[in-house]
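Under the numbering used here, the very last position in the sequence shown is 85; numbers go up by exactly one each time.
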Amino acid sequence: MCVVCKETLFESNTKFDSGSGWPSFFDAIKHKINKKKDFSHGMVRIEITCAFCHAHLGHVFNDGPAPSGQRYCVNSLSMEFLPNE
């Protein structure tokens with residue numbers, strides 16, 4: 001969940017080990033993540049933010065596993081991880 005507003009953004013069954021060292025998900029909960037182009041640091045990336053409080057979460061890349069082919073690369077300090085009940 002978002003560390004700022006406590007909104008659930010990702011389901012635990014979409015988390016995977018990308019080998020990047022960052023928490024990674026292949027999908028987000030619909031309508032809970034905003035995406036926008038990020039031109040910082042001489043790169044072109046897609047920034048992801050919380051749709052509710054607009055906190056920066058990380059970036060999404062098109063090198064993830066099926067079924068989405070996306071890798072949501074999330075800053076662990078932006079999330080609070082709760083056990084799946």
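Beta carbons are placed, not taken as given, at the ideal position from N, Cα and C, and that holds for glycine.
Out of the options, which has the shortest C-alpha to C-alpha gap to residue i?
i: N13; options: A66, S78, N62, H41; result: A66
i: F10; options: G19, C50, R45, I46; result: C50
i: K35; options: S20, Y72, P23, F16; result: Y72
i: N75; options: D17, K32, S68, S24; result: S24
i: S18; options: G64, H59, L77, H41; result: G64
i: S20; options: S40, F61, G42, F81; result: F61
Where does residue i sit, in a helix, a strand or coil, going by DSSP?
i: H41; result: helix
i: L77; result: helix
i: T8; result: coil
i: N62; result: coil
Among the residues of its own chain, which have a CB less than 6 Å from the CB of residue i, if the five just before and after it don't count?
i: D38; result: R45, E47
i: S68; result: F26, D27
Got a sec? Which residues, its chain only, sit under 7 Å from residue i by beta carbon, not counting five neighbours each side?
i: K32; result: E7, L9, A51
Under 8 Å, with one C-beta from each stretch per pair, do the segment 1 to 9 and the segment 45 to 57 reach the 3-pair mark? yes
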